[in-house]
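Under the numbering used here, the sequence shown is numbered contiguously, ending at residue 158. Each residue gets a CB set at the ideal place from its N, CA and C atoms; glycine is no exception. Okay, structure first, notes after.
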Amino acid sequence: MSRGGTGTKACAGHADGLRRAGFRVTPQRQAILKVLEESDRPLNVEEILSRMPEYRSGIPTVYRNLQQFAGQGWVESIIGSDQVMRFVRCHSTRHHHHVQCEECGRMVEVEGCGLAKALEALGSRSGFRITRHQLQLFGLCPECQRRGR
Ligand SMILES: [Zn+2]
Ligand SMILES: [Zn+2]
Ligand SMILES: [Zn+2]
């Protein structure tokens, strides 16, 4: 899903990435990243736990790890229309957003968004200096479009 040559550092080895970011490398941490890596849709904490049955981590532990990974830009939390918080793996280290298919739930990462200019204008109208933004993007993936809903 990630093309363009950047952002391979975490894929090359989760242990390396963890170590470099100053985390203790634990099998649990590696498992959480792997579970998210292998999913093409966002997962909530329970779903992540159920996919790593060999580790008896508790929800609070997994949740805390996810928060730390989010701080590194490795994962992002996304609130679904059901108000449940789910997590998705970020592949790009550059500015990107995630688009989710409303039909099948699949999620894809897209680099850039071209909003810089618009946000600058919005900033000057509000007097704020806009420092960051979040976008929740929904649509129909190519397959679901073809299936012609
Ligand atoms: Zn992301
Ligand atoms: Zn779809
Ligand atoms: Zn953006």
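Could you name the residues that DSSP lists as bridge partners for residue i?
i, result
"S86", "F96"
"F147", "Q109"
"E120", "H105"
"L52", "F96"
Alpha carbon to alpha carbon, how far is residue i from residue j?
i, j, result
"F32", "C99", "18 Å"
"Q154", "E47", "24 Å"
"G132", "G123", "15 Å"
"A79", "Y72", "10 Å"
"V34", "L27", "6 Å"
"E55", "I68", "7 Å"
"K43", "D91", "25 Å"
"H104", "A125", "11 Å"
"G136", "L58", "44 Å"
"Q77", "T70", "11 Å"
"R141", "S101", "17 Å"
With a 10 Å radius around its C-beta and 16 neighbouring C-beta atoms as the bar for buried, classify residue i as buried or exposed.
i, result
"Q109", "buried"
"M94", "exposed"
"H23", "buried"
"I88", "exposed"
"V84", "buried"
"R38", "buried"
"L146", "exposed"
"G13", "Its pLDDT being 39, under 50, G13 is placed unreliably in this model, and the value from its coordinates should be taken loosely. Result: exposed."
Are residue i and residue j close, meaning C-beta to C-beta below 9 Å?
i, j, result
"E111", "G157", "no"
"L1", "H106", "In the structure displayed, the chain extends from 10 to 158; residue 1 sits before or after that span and is not available."
"M116", "R65", "no"
"V119", "L52", "no"
"Q81", "A30", "yes"
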